[in-house]
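Enquirer: All residue numbers for the sequence shown refer to the working numbering, where the first residue is 1 and numbers rise by one.
In this text, a Cβ means the ideal position worked out from N, Cα and C, and glycines have one as well.
What you are looking at is a predicted structure, and each value in this text was computed from that prediction instead of being measured.
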Amino acid sequence: MSKVIKKNGKFILEPDAKNLARAEHAADKERLNQKLSDEQLRALLQRVLDRLAALEG
Numbered sequence: 001m002s003k004v005i006k007k008n009g010k011f012i013l014e015p016d017a018k019n020l021a022r023a024e025h026a027a028d029k030e031r032l033n034q035k036l037s038d039e040q041l042r043a044l045l046q047r048v049l050d051r052l053a054a055l056e057g
């Protein structure tokens, strides 16, 4: 579920990490065919861990 936070007098909808990870699924599968930098690998791993945590909880 997304969170609503108030920042500088404005309300901002902060998306859930699980939903962001799910949205990147197709792009991640395509990226696996390329050489990835350390930063890209970390981001990919973080999305995988976010989805696993959502399944456990």
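Considering just the uninterrupted stretch of the beta strand (DSSP E) at Glu-14, what are its terminal residues?
Expert: Segment 10-14, the beta strand (DSSP E) holding Glu-14.
Enquirer: Would you call the CB atoms of Phe-14 and Lys-7 closer than 7 Å?
Expert: Checking the sequence shown, residue 14 turns out to be Glu, not Phe. Not in contact: Glu-14 and Lys-7 (Cβ atoms no closer than 7 Å).
Enquirer: What is the DSSP secondary structure of Lys-29, counted as helix, strand or coil?
Expert: Correct three-state label for Lys-29: helix.
Enquirer: For Ile-5, collect the residues of the same chain with a Cβ closer than 8 Å to its Cβ; drop the 5 residues on either side in sequence, then sort them by chain order.
Expert: These residues qualify, in order along the chain: Phe-11, Ile-12, Glu-14.
Enquirer: Candidates Gln-40, Ala-17, Asp-50: which alpha carbon is nearest Ala-27's?
Expert: When only C-alpha atoms are compared, the closest one is Gln-40.
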